[in-house]
DNA sequence: TAGGGATATCGGAAAAAGTCGATATATATT
DNA sequence: AATATATATCGACTTTTTCCGATATCCCTA
């Protein structure tokens with residue numbers, strides 16, 4: 001049994017994490033403009049945290065769950081960590097559901 | 001809003017439930033021949049339970065979780081309940097991942 | 001209509017996930 | 001070097017999920 005798939009579905013089994021993924025689909029529409037970097041690199045943890053309305057530690061943890069599942073990737077720029085979607089992972093997941101699951 | 005999606009991902013967040021879905025993809029290959037009905041109607045709870053190696057109550061519960069998520073459907077025939085995959089749900093899920101998530 | 005087999009439901013113990021506040025670490029600025 | 005800011009990690013507590021045994025329900029046949 002494929003434990004990677006299981007990890008992906010667990011990562012998707014949370015309302016806030018699903019919301020974060022949707023926000024990251026269109027950062028311009030979902031977040032205020034970023035001063036220190038464009039949205040190409042992603043959105044910084046602080047902005048995601050403000051929008052989610054949960055504590056910093058919880059959102060940081062959620063982002064690393066999404067990252068371990070391969071659904072997002074992060075880039076450190078200075079003191080900020082920017083997270084963005086890994087679209088390839090979603091395409092693969094879509095195919096997995098059509099063939100594997 | 002996306003609570004149906006959440007329910008689906010929760011249903012998929014369990015090793016045994018994922019296995020059951022895969023067994024149901026090819027019942028002929030996964031289960032012994034059924035005496036009281038062909039595999040078109042699905043596979044009865046008892047066979048799934050034996051293969052899963054968990055208790056009857058747990059497997060019954062798992063099947064109803066999958067059913068509430070819309071991933072399987074059941075047919076009662078006499079004293080048996082047969083479960084089969086709802087392939088439409090998987091096609092829809094695949095599309096949801098391409099567009100919604 | 002009684003008994004037996006298949007499935008569903010209930011109640012609970014243990015494990016996992018959710019969530020927080022406190023603290024550690026990394027980086028930037030002065 | 002000291003301080004400030006952003007993020008990550010830790011420890012604890014609460015909620016949810018997992019999985020079981022016991023029991024109820026449904027349906028068949030004698």
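Residue numbers (UniProt numbering), protein chains in the order written: chain A, 1 to 101; chain B, 1 to 101. For glycine and all other residues, C-beta sits at the position ideal for the given N, C-alpha and C.
Range of the contiguous beta strand (DSSP E) that encloses residue i
i             : result
residue 81(A) : 80-85
residue 55(A) : Counting along the chain, residue 55(A) falls outside any beta strand (DSSP E), and DSSP gives it neither H nor E.
residue 73(A) : 72-77
Residue span of the alpha helix (DSSP H) that contains residue i, given as start and end
i              : result
residue 19(A)  : 15-25
residue 108(B) : Outside the modelled stretch of chain B, which goes from 1 to 101, sits residue 108(B), for which no answer is possible.
Neighbour list for residue i in chain B, Cβ cutoff strictly below 9 Å
i             : result
residue 21(A) : 101
residue 18(A) : 2, 5, 6, 9, 101
Residue i versus residue j - alpha carbon distance
i              : j             : result
residue 13(A)  : residue 15(B) : 14 Å
residue 44(B)  : residue 60(B) : 10 Å
residue 47(B)  : residue 36(B) : 12 Å
residue 50(A)  : residue 29(A) : 15 Å
residue 53(B)  : residue 41(A) : 47 Å
residue 9(B)   : residue 56(B) : 23 Å
residue 83(A)  : residue 63(B) : 36 Å
residue 90(B)  : residue 88(A) : 19 Å
residue 17(B)  : residue 18(A) : 21 Å
residue 95(B)  : residue 74(A) : 26 Å
residue 66(B)  : residue 7(B)  : 9 Å
residue 58(A)  : residue 98(A) : 33 Å
residue 85(A)  : residue 20(B) : 30 Å
residue 101(A) : residue 2(B)  : 21 Å
residue 93(B)  : residue 11(A) : 16 Å
residue 39(B)  : residue 70(B) : 19 Å
Cβ-based burial, residue i [other Cβ within 10 Å; buried from 16]
i             : result
residue 5(B)  : buried
residue 68(A) : exposed
residue 72(A) : buried
residue 33(A) : exposed
Proximal residues of chain A, C-beta to C-beta of residue i below 7 Å
i             : result
residue 97(B) : 90, 93, 94, 97
Interface residues of chain B facing residue i [CB-CB closer than 7 Å]
i             : result
residue 51(A) : The premise fails here: residue 51(A) is roughly 16 Å from chain B at the closest Cβ pair, so nothing lies under 7 Å.
residue 12(A) : 9
Residue i: contacting residues in chain B (beta-carbon distance under 8 Å)
i             : result
residue 64(A) : In chain order: nothing, as chain B lies at least about 18 Å away.
Contact list for residue i against chain A, beta-carbon separation under 8 Å
i             : result
residue 84(B) : In chain order: nothing, as chain A lies at least about 15 Å away.
Given 8 Å as the limit, is there contact between the segment 20-29 of chain B and the segment 70-87 of chain A, that is, 3 or more CB pairs closer than that?
-> no
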